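Chemist:
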Amino acid sequence: MTLRLHEYVEKESFNHPYTFVAAQTGLDEKTVRDIFNARAELLGRWHRFETPRILGIDELYLNKRYRCILTNIEERTLLDLLATRRQDVVTNYLMKLKDRQKVEIVSMDMWNPYRAAVKAVLPQARIVVDKFHVVRMANDALERVRKDLRKELKPSQSRTLKGDRKILLKRAHEVSDRERLIMETWTGAFPQLLAAYEHKERFYGIWDATTRLQAEAALDEWIATIPKGQKEVWSDLVRAVGNWREETMTYFETDMPVTNAYTESINRLGKDKNREGRGYSFEVMRARMLYTTKHKKKAPTAKVSPFYKKTIGYGLPDFAEELNYGVDLSTI
284 MTLRLHEYVE KESFNHPYTF VAAQTGLDEK TVRDIFNARA ELLGRWHRFE TPRILGIDEL
344 YLNKRYRCIL TNIEERTLLD LLATRRQDVV TNYLMKLKDR QKVEIVSMDM WNPYRAAVKA
404 VLPQARIVVD KFHVVRMAND ALERVRKDLR KELKPSQSRT LKGDRKILLK RAHEVSDRER
464 LIMETWTGAF PQLLAAYEHK ERFYGIWDAT TRLQAEAALD EWIATIPKGQ KEVWSDLVRA
524 VGNWREETMT YFETDMPVTN AYTESINRLG KDKNREGRGY SFEVMRARML YTTKHKKKAP
584 TAKVSPFYKK TIGYGLPDFA EELNYGVDLS TI
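Using our numbering, read the sequence shown as starting at 284 and increasing by one per residue.
This is how it looks when you write it as structure tokens:
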């Protein structure tokens, strides 16, 4: 095999099914797979990234299982994927982070194994619950009210309310005039739906607070004013913010909004790679996601060598490798 062909197979096997590359080149599928594996192993040995100040820990549904994903929130990059969300696996990974004491903040969903792992390995870091995971539970509660209501309606009415689902899940300031008329038809006819919608909006409004003190007061008021007859509907959310209250309120004490909002980019990348190689192992999918998308890299800041610091008039910089911040999600 020529060097040119070998390099072509290396590149294409990361972006297309092995069978496709084999058919293109006339090679055996096993040969293509072996070339891919060798390249993936080499890249894996050199997979290093800068430990972030703000670490994101989230999940991705890939190959019929939830996987742990790690991100750099400030740089908006994907750092790595783990095969499972188990506490021992996450703990072991965090233990191996270079300069892990640099991590100041960790954003996560409300998954207890993540919290336990971070507290054990990164005790200096403050944990922040990703607000999008919290407010999504408010939408879930509103959905429950809407679905219960549909069961009481005629089939024609039920279909209409099903079609209006997306309008009800929008924030009030995002609803168009036409959508507002549609929504008012339903909320006017069904007071319990209006009450649930307004309570959902009040929950979202908590995140408009500018201080933790304001947010704490708004949350307490929200819990105290759950609509009559809907305590069970909102119970999961009340329980969640109770169990994670400290981490939820820490959001209002950070120096920048901390959220994994760009996880959707990672989900899109995962779906694309899964479609290109359906049925492949997690290790193959991980390699495809990490090594086929542009990485965000920066030149290191020149550091003056201690040897030259005492030299009068000049200093010479230490030359360091380019800094790798992970897969650039802005390119996806």
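Each residue gets a CB set at the ideal place from its N, CA and C atoms; glycine is no exception.
No experiment lies behind these values; they were computed from the predicted model shown.
I'd like the list of long-range same chain contacts for L476, defined as Cβ closer than 7 Å, with 5 residues on each side in sequence excluded.
Modeler: V428, R429, L432, W469 and T470
Chemist: Spatial neighbours of Q407 within its chain, please: CB distance less than 8 Å, with the 5 preceding and 5 following residues excluded, ordered by chain position.
Modeler: Q384, V386 and E387
Chemist: Do K577 and the ligand ADP come close, with the Cβ less than 7 Å from some heavy atom?
Modeler: The model depicted lacks the ligand ADP and carries no ligand whatsoever.
Chemist: Quick check on the DSSP output: the beta strand (DSSP E) that includes M391 runs from which residue to which?
Modeler: I388 to M391
Chemist: What is the DSSP secondary structure of V656, counted as helix, strand or coil?
Modeler: Residue 656 lies beyond the range of the chain shown here (284 to 615); nothing can be said about it.
Chemist: So, with DSSP's three-state summary, where would you put R350?
Modeler: strand
Chemist: Relative to the C-alpha of I410, which residue among Y397, V389 and V418 is closest?
Modeler: V389
Chemist: What residue from R485, F473, V372 and L464 has the CA that sits closest to A500's CA?
Modeler: R485
Chemist: Return the residue from the list M284, H299, Y291 and R287 that minimises the CA-CA distance to V567.
Modeler: Ranking M284, H299, Y291 and R287 by Cα distance to V567 puts H299 first.
Chemist: Consult DSSP for N607 and reduce its assignment to one of helix, strand or coil.
Modeler: In the structure shown, N607 sits in a strand (DSSP, three-state: E or B).
Chemist: Count the other CB atoms, across all protein chains shown, that sit within 10 Å of the CB of R461; report buried if there are 16 or more and exposed otherwise.
Modeler: exposed
Chemist: How many angstroms separate the CA atom of I635 from the CA atom of K381?
Modeler: This structure gives no information on residue 635, because the portion of the chain shown stretches from 284 to 615.
Chemist: Expressed to the nearest angstrom, what Euclidean distance is found between the alpha-carbon atoms of F415 and M391?
Modeler: 10 Å
Chemist: Select from T614, L606, Y397 and P583 the residue whose C-alpha is nearest the C-alpha of R350.
Modeler: Y397
Chemist: Can you list, in chain order, the stretches of the alpha helix (DSSP H) that have 4 or more residues and sit fully within the stretch 287 to 349?
Modeler: Along the stretch 287 to 349, the alpha helix (DSSP H) occurs as fully enclosed runs of 4 or more residues at 301 to 308 and 312 to 328, listed in sequence order.
Chemist: Is L496 closer than 8 Å to L452 when the C-beta atoms are compared?
Modeler: no
Chemist: Among residues of its own chain, excluding the 5 on either side of R368, which ones have a beta-carbon nearer than 8 Å to its beta-carbon?
Modeler: E342, Y349, R350, C351, W394, P396 and Y397
Chemist: Find out if the Cβ-Cβ distance for the pair V610, T360 is shorter than 8 Å.
Modeler: yes
Chemist: Could you tell me the distance, in whole angstroms, from the CA atom of K483 to the CA atom of G512?
Modeler: 15 Å
Chemist: Which term fits V292, buried or exposed, when burial requires 16 or more other beta carbons within 10 angstroms of its beta carbon?
Modeler: By the neighbour-count definition (other C-beta atoms within 10 Å, threshold 16), V292 is a buried residue.
Chemist: In the stretch 423 to 506, which residue ranges form an unbroken alpha helix (DSSP H) of at least 4 residues, counting only runs that do not cross its ends?
Modeler: List check, alpha helix (DSSP H) in window: 438 to 446, 448 to 452, 460 to 472 and 474 to 488.
Chemist: Buried or exposed: where does L573 fall if 16 or more other Cβ atoms within 10 Å of its Cβ makes it buried?
Modeler: buried
Chemist: A523: which of K579, I509, V418 and W490 sits nearest, CA to CA?
Modeler: V418
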